[in-house]
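Trainee: Per my numbering, residue 139 is the first one in the sequence shown, and the count goes up by one each step. Here a beta-carbon is modelled for each residue, glycine too, at the ideal position from N, C-alpha and C. Handing you a structure now.
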Amino acid sequence: MQLMEERIRKDGVVREGNVLKVDAFLNHQMDIGLFNEMGKEFFRLFGGENVTKIVTIEASGIGIACVTAQYFGVPVVFAKKSESKNLDGDVYTSSVASFTHNKVYDIRISKKYLDEHDRILLIDDFLAKGNALLGLLDVCQQSGAVVVGAGIAIEKGFQEGGQLLRKRGLRVESLAIVDRMDSGGALTFRPQ
Ligand code: 5GP
Numbered sequence: 139m140q141l142m143e144e145r146i147r148k149d150g151v152v153r154e155g156n157v158l159k160v161d162a163f164l165n166h167q168m169d170i171g172l173f174n175e176m177g178k179e180f181f182r183l184f185g186g187e188n189v190t191k192i193v194t195i196e197a198s199g200i201g202i203a204c205v206t207a208q209y210f211g212v213p214v215v216f217a218k219k220s221e222s223k224n225l226d227g228d229v230y231t232s233s234v235a236s237f238t239h240n241k242v243y244d245i246r247i248s249k250k251y252l253d254e255h256d257r258i259l260l261i262d263d264f265l266a267k268g269n270a271l272l273g274l275l276d277v278c279q280q281s282g283a284v285v286v287g288a289g290i291a292i293e294k295g296f297q298e299g300g301q302l303l304r305k306r307g308l309r310v311e312s313l314a315i316v317d318r319m320d321s322g323g324a325l326t327f328r329p330q
């Protein structure tokens, strides 16, 4: 998606440790006009899949998922990272190793909100090593639902997540794939 690549070039900042900061439009301040275009594009890609729910993970996936869900006309369910008294009853759960925070955390979704009749689109902001998406896939599959694919804002193509998930048969559509970033800030995108 041309618009996403242009925005990353304009406002993205390359940080140590292969981290791309996009706080100016995605991860802290959110450009809703851009989110709208992302939602439209995800609908163009997955609109024929009879999606019944969009599933994401807190916190950064939620905004993108909500705007996207307006195009699909379906609810958003987000996986929670912390145990909550509000989350009563049974949950689907999985462990996720965090790329940016260097720790392992559990994610959980109440069994009330996913079942075997659902057709799920996963949405997230970044795909790096693939752990977040693998965790989401795991909780969705525990419910018996069909996962039709994953819509990702930015994939770091030089990390293994994209290949890993596609090899497992998941349809992964990323709006921009960064194949290289060097410490001087230069970015190379995969032609799409
Ligand atoms: P993964 O589980 O695929 O290794 O990483 C995915 C999660 O880590 C995303 O949900 C995102 O929050 C975070 N993440 C991974 N790499 C980056 C990065 O380069 N920049 C930012 N801002 N977040 C990242």
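Exposed or buried, V214, counting other C-beta atoms within 10 Å across all chains shown (16 or more means buried)?
Mentor: Buried, because 16 or more other Cβ atoms sit within 10 Å of the Cβ of V214.
Trainee: Under three-state DSSP, which class holds V284?
Mentor: Looking at V284 - three-state DSSP - the assignment turns out to be strand.
Trainee: Let me check one thing: in DSSP terms, what residues is S312 bridge-paired to?
Mentor: Answer is I290.
Trainee: Within 10 angstroms of the Cβ of V189, are there 16 or more other Cβ atoms? Answer buried if so, exposed if not.
Mentor: Classification for V189: buried.
Trainee: Sort I258, Y230 and S198 by Cα distance to G186 and report the nearest one.
Mentor: The shortest C-alpha separation from G186 is found at I258.
Trainee: Is A203 helix, strand or coil by DSSP?
Mentor: A203 falls in the helix class under three-state DSSP.
Trainee: As an exercise, report each continuous beta strand (DSSP E) stretch of at least 3 residues that is fully enclosed by the segment 148-232, in chain order.
Mentor: Fully enclosed beta strand (DSSP E) runs of 3 or longer: 151-153, 157-159, 191-195 and 214-217.
Trainee: Let me know the alpha helix (DSSP H) ranges lying completely inside the segment 228-283, each 4 residues or longer, listed in chain order.
Mentor: Complete alpha helix (DSSP H) runs here, min 4: 269-280.
Trainee: Comparing C-alpha positions only, which one of R246, Q208, S248 and A270 sits nearest to N240?
Mentor: Taking only the C-alpha atoms, the option nearest N240 is A270.
Trainee: Suppose the cutoff is 6 Å on Cβ atoms and the five residues either side in sequence are ignored; what does the same chain contact list for V229 look like?
Mentor: Closer than 6 Å at Cβ, skipping near neighbours: R246 and S248.
Trainee: What are the residues that DSSP puts in a beta bridge with F327?
Mentor: According to DSSP, F327 bridges with V316.
Trainee: Kindly indicate the opening and closing residues of the alpha helix (DSSP H) around Q301.
Mentor: Segment G299 to K305, the alpha helix (DSSP H) holding Q301.
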